[in-house]
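Written below as structure tokens is the structure these notes are about.
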Amino acid sequence: MSVDTEESGSHKGPVRTAISDTRSSIAQVFQNRNLRRIQLAFAGSVIGDWAYSTAVIVWAYDVGGAKAVGIWSAVRLLMMALFSPFAAGLADKYSRKLIMIAADLTRALFIVAATACLVLDTPAAPIFVLATITGLLSSAFRPAQAALLPSLVDSPEQLTASNGASSTIESLGFFLGPALGALLITVSNIETVWLLNAGTFLWSALLVSGVRPRPREDAENEEEDEDGADQEKKRGVVAEAFAGFTTIGKSRDLLLVTFLMMVQTLVAGSTVVFAVLLAIEVLDTGPEGVGYIDSMFGVGAVVGGFVAIARASRNKLATDLGWGVVLWSLPLLFVAWEPSFVVVFATMFLLGFGNPLVDVNYYTIIQRITPDRVLGRVFGATEGLLIATMALGAAVMPLAVEELELSGALTALALIVGVPAVLLLPACRSLDGRLRPPEGLELLRAIPMFSPLGPAKLETLARQLQRVTLPAGYGVLREGEDSDRFYVIESGGVEVTQGGAVLRHEGPGEYFGEIGLLRDVPRTANVTTTTETVLLALSRANFLGALAGSDESKVAADDIIARRLTA
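In this note's numbering, the protein residues as written are 133 to 699.
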């Protein structure tokens with residue numbers, strides 16, 4: 133009996149662990165005031181936005197049929213792809229918080245204007261223009277939001293969890309927004325849906341206005357950042373806007389992530405076409421069956437979102453991204469080889485499940501490895517590329533179906549995307565090794581003068597630590613010596629003395645050497661190891677450089693010095 137109980141517990145263990153990890157990650161996000169406001173703002177905005185998009189499509193269909201819907205969608209995607217790099221540049225030049233608020237308020241204004249045109253029964257052209265501009269303004273909002281997040285989180289794990297929460301909210305919006313839009317159109321009218329979306333943008337602006345980000349910082353040192361800023365001033369507007377593409381081209385890691393995202397969005401664009409064909413040819417429901425297919429995709433995306441959040445602390449961002457692309461592609465082989473009601477829904481569930489694995493890790497990796505100075509433009513560049521490949525997928529899929537029939541087109545799409553994704557999994561694992569938090573990061577984060585620093589800056593600082601192993605009785609510091617290093621105790625212990633008197637004993641997690649560095653004076657005490665001790669050393673330049681850009685860190689450092697000098 134006891135054996136059965138143990139086996140049952142072992143089967144439940146991973147599930148319980150996943151649930152516990154998910155709950156813990158979500159709690160991390162919503163206990164952070166700034167992240168809570170961002171997520172609630174996003175939730176209201178994305179649900180209203182999907183409801184608005186549904187209403188626009190319904191209106192466009194009434195005006196000009198499927199042709200009007202297709203032309204407007206294509207023009208909108210093309211303009212967003214071209215506009216994204218320029219709009220995203222604003223997030224690096226101005227306050228990201230203010231960019232988000234401005235985008236919310238102007239989108240609300242344009243939607244109200246479109247509603248007024250509808251009420252006044254104007255020609256269709258102004259409404260199409262206003263609806264398109266509203267979409268273009270999203271090209272400024274999303275990169276600003278993504279670039280702002282690193283300044284709101286306290287750890288890399290919290291950053292992943294926050295992106296996971298955003299992805300889950302987006303999946304819920306994709307599921308609930310169209311349903312809400314359709315319901316409101318049925319019981320009311322299109323104008324009501326559009327005004328609702330204007331209200332959600334005002335809700336978003338109000339919540340974002342209460343966010344308090346840390347001051348802007350870069351993972352690079354300040355001199356490099358200033359040099360980069362000076363170079364940008366010499367560039368023209370176009371060159372500056374395309375700095376995101378230049379940054380991607382110079383980084384093999386960014387190239388890897390961008391390539392994986394582009395092949396994934398090739399499938400996403402193709403879905404617009406093959407989902408309709410699956411509804412007609414396999415489900416035998418007619419075009420309206422797309423709603424059922426989208427709903428199953430949404431269910432898979434919600435489940436995948438919780439899994440992505442649960443894996444936030446596993447440090448396998450790139451590997452999960454690679455497997456997400458595999459799930460977005462190879463399951464299409466099942467439908468191609470055995471088209472049936474069950475297989476269609478199972479495949480769409482798997483595609484949906486892979487979606488947050490792609491989105492969450494894509495955002496997190498770019499936030500972790502991109503210099504803050506160009507972060508908004510890198511997001512703008514990738515968004516432009518992804519919209520372009522999505523449009524390419526939507527354009528090519530009908531031609532592929534015409535030449536190869538549906539099963540052949542799905543097989544080709546699955547292999548063209550899935551095989552490269554599988555072959556790139558070793559490269560993804562290698563990138564995870566470079567993304568893994570460096571040793572000493574948690575020790576630095578626990579020190580009051582470093583805890584106000586953002587995750588990117590803390591990671592950079594931790595990578596600059598040098599491990600030193602010393603025997604018992606070794607004199608680490610001597611009174612009167614030049615102050616050249618800061619030390620954190622990883623293991624072992626030290627005795628601190630001054631003028632022959634013992635001041636204190638310190639052990640793992642404690643630190644010393646900061647007084648001489650911060651006050652620019654010789655060492656004020658002797659420090660001797662009491663047992664074999666492992667120290668993590670930080671050079672004078674790196675120590676002072678880390679604290680230079682943070683007023684909170686300077687205040688915390690002054691408090692530490694005051695306590696120690698009066699002890």
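Every residue gets a Cβ at the ideal spot worked out from N, C-alpha and C, and that includes glycine.
Which residues DSSP lists as bridging Ile-621, in chain order: Here residue 621 refers to the residue found at position 489 of the sequence shown. Leu-667.
Beta-carbon proximity check, Leu-489 vs Pro-463, cutoff 8 Å: Stepping through the sequence shown from its first residue, residue 489 is reached at position 357. Stepping through the sequence shown from its first residue, residue 463 is reached at position 331. For Leu-489 and Pro-463, no; Cβs fall outside 8 Å.
Rounded separation between Ala-187 and Arg-346 - CA only: Your numbering for residue 187 matches position 55 in the sequence shown. Your numbering for residue 346 matches position 214 in the sequence shown. Each residue's Cα considered, the two are about 39 Å apart.
Sufficient close CB pairs (3 or more, under 8 Å) joining the stretch 650-662 to the stretch 610-620: yes
Paired residues, beta bridge with Val-634 - DSSP: Within the sequence shown, the letter at position 502 stands for residue 634. BP columns for Val-634 point to Thr-629.
Where Arg-651 sits in the DSSP three-state scheme: Working through the sequence shown from its first residue, we reach residue 651 at position 519. If DSSP states are grouped into helix, strand and coil, Arg-651 belongs with the helices.
Sheet register partners of Thr-660 (DSSP bridge): Numbered from 1 along the sequence shown, position 528 holds the residue referred to as residue 660. Answer is Gly-607, Glu-627.
Inter-residue CB distance, Ala-220 and Pro-275 (contact presumed, cutoff 8 Å): Here residue 220 refers to the residue found at position 88 when the sequence shown is read from its first residue. Here residue 275 refers to the residue found at position 143 when the sequence shown is read from its first residue. Indeed, because the Cβ distance is near 4 Å, the residues count as touching under 8 Å.
Distance CB(Asn-447)-CB(Asp-564) smaller than 8 Å: For the purposes of this step, residue 447 is identified with residue 315 of the sequence shown, where counting begins at 1. For the purposes of this step, residue 564 is identified with residue 432 of the sequence shown, where counting begins at 1. For Asn-447 and Asp-564, yes; Cβs fall inside 8 Å.
Stretch pair the stretch 175-191 + the stretch 315-326: three plus CB contacts closer than 8 Å: yes
Beta strand (DSSP E) segment containing Val-476, residue limits: For the purposes of this step, residue 476 is identified with residue 344 of the sequence shown, where counting begins at 1. Element bounds for Val-476: not the beta strand (DSSP E) but the alpha helix (DSSP H), 473-501.
Helix, strand or coil at Glu-352 according to DSSP, with G and I counted as helix: Residue mapping note: residue 352 aligns to position 220 of the sequence shown, counting from 1. Low confidence applies to Glu-352: its pLDDT is 41, below 50, so where it sits in the model is not reliable, and the reading given next is rough at best. The answer is coil: DSSP assigns Glu-352 none of H, G, I, E or B.
Beta-carbon separation (whole angstroms), Ser-623 vs Val-666, contact threshold 8 Å: Indexing the sequence shown from 1 puts residue 623 at position 491. Indexing the sequence shown from 1 puts residue 666 at position 534. That belief holds up - the Cβ atoms of Ser-623 and Val-666 are roughly 5 Å apart, short of 8 Å.
Other residues of its chain near Val-506: CB distance less than 7 Å, five sequence neighbours each side excluded: As a first step, residue 506 is located in the sequence shown; it is residue number 374 there, counting from the start. Residues of the same chain with a CB within less than 7 Å of the CB of Val-506, apart from the 5 flanking positions on each side, are Asp-224, Ala-375, Gly-376, Thr-379 in chain order.
Cβ neighbours of Ala-297 in the same chain (closer than 7 Å, five flanking residues each side left out): The residue labelled residue 297 in the question sits at position 165 within the sequence shown. So the list reads Ile-158, Val-161, Gln-171, Ile-441, once near-sequence residues are dropped.
Limits of the beta strand (DSSP E) - the one that Thr-601 falls within: The sequence position of residue 601 within the sequence shown is 469, counting from 1. Here the beta strand (DSSP E) through Thr-601 covers 598-602.
Coil, strand or helix - Phe-377 by DSSP: To locate residue 377, count along the sequence shown from 1; it is residue 245. The answer is helix: DSSP assigns Phe-377 an H, G or I state.
Local conformation of Tyr-88 per DSSP, three classes: Missing from the structure shown is residue 88; the chain here goes from 133 to 699 and no further.
Bridge-paired residues (DSSP) for Tyr-643: Taking the sequence shown and counting its residues from 1, the one referred to as residue 643 is at position 511. Paired residue(s): Val-620.
The stretch 204-213 contacting the stretch 249-268, beta-carbon criterion three pairs below 8 Å: yes
Local conformation of Leu-453 per DSSP, three classes: Numbered from its first residue, the sequence shown carries residue 453 at position 321. DSSP places Leu-453 in helix when its eight states are reduced to three.
Option nearest Ala-657 by Cα separation, candidates Glu-664, Gly-641, Ala-633: Locating residue 657 in the sequence shown gives position 525, counting from the first residue. Distances from the alpha-carbon of Ala-657 to those of Glu-664, Gly-641, Ala-633 put Ala-633 closest.
Residue closest to Ile-179, alpha-carbon to alpha-carbon, out of Asn-166, Gly-550, Ser-227, Trp-335: By 1-based counting over the sequence shown, the position of residue 179 is 47. Taking only the C-alpha atoms, the option nearest Ile-179 is Trp-335.
Residue closest to Gly-586, alpha-carbon to alpha-carbon, out of Asp-683, Trp-469, Asp-253: Your numbering for residue 586 matches position 454 in the sequence shown. Of the candidates Asp-683, Trp-469, Asp-253, the one whose C-alpha sits nearest the C-alpha of Gly-586 is Asp-683.
Identity of the residue in Glu-470, Val-340, Gly-631, Val-439 nearest Phe-174 by Cα: Your numbering for residue 174 matches position 42 in the sequence shown. Closest by alpha carbon: Val-340.
Reduced DSSP secondary structure (H/G/I, E/B, other) of Asp-286: Within the sequence shown, numbered from 1, the residue matching residue 286 stands at position 154. Here Asp-286 sits in coil by DSSP.
Short Cβ contact (8 Å threshold) for Leu-392 with Val-533: Residue mapping note: residue 392 aligns to position 260 of the sequence shown, counting from 1. Residue mapping note: residue 533 aligns to position 401 of the sequence shown, counting from 1. Going by C-beta atoms, Leu-392 is not nearer than 8 Å to Val-533.
Met-232 versus Ser-270 - alpha carbon distance: The residue given as residue 232 occupies position 100 in the sequence shown. The residue given as residue 270 occupies position 138 in the sequence shown. In this structure, the alpha-carbon of Met-232 lies about 9 Å from that of Ser-270.
Where the alpha helix (DSSP H) containing Ile-448 begins and where it ends: Here residue 448 corresponds to residue number 316 of the sequence shown, with the count starting at 1. Inspection of the sequence shows that residue 448 is occupied by Lys rather than by Ile. Taken as a continuous stretch (DSSP letters only), Lys-448 belongs to no alpha helix (DSSP H), as it is neither H nor E.
Short Cβ contact (8 Å threshold) for Val-389 with Leu-453: One-based indexing of the sequence shown puts residue 389 at position 257. One-based indexing of the sequence shown puts residue 453 at position 321. Contact flag set, yes.
Proximity of Phe-511 and Ala-279 at Cβ, strictly below 8 Å: To locate residue 511, count along the sequence shown from 1; it is residue 379. To locate residue 279, count along the sequence shown from 1; it is residue 147. Yes, the Cβ-Cβ distance between Phe-511 and Ala-279 is below 8 Å.
Three-state class that DSSP yields for Gly-437 in the structure shown: Against the sequence shown, residue 437 aligns to sequence position 305. Three-state result, Gly-437: helix.
Arg-577: first and last residue of the uninterrupted alpha helix (DSSP H) it sits in: Locating residue 577 in the sequence shown gives position 445, counting from the first residue. Boundaries of the alpha helix (DSSP H) harbouring Arg-577: 573-577, taken from the DSSP string.
Per-residue burial, Trp-469 [other beta carbons within 10 Å of its own, 16 or more giving buried]: On the sequence shown, residue 469 is found 337 positions in, with the first residue counted as 1. With fewer than 16 Cβ atoms within 10 Å of its Cβ, Trp-469 is classed as exposed.
Exposure label - Gln-277; buried when at least 16 CB within 10 Å: Against the sequence shown, residue 277 aligns to sequence position 145. Gln-277 comes out buried.
Same chain, Cβ closer than 7 Å to Glu-358, five either side skipped, listed in chain order: Along the sequence shown, one-based indexing puts residue 358 at 226. Note that Glu-358 scores a pLDDT of 44, beneath 50, so its modelled location is shaky and nothing firm can be said.
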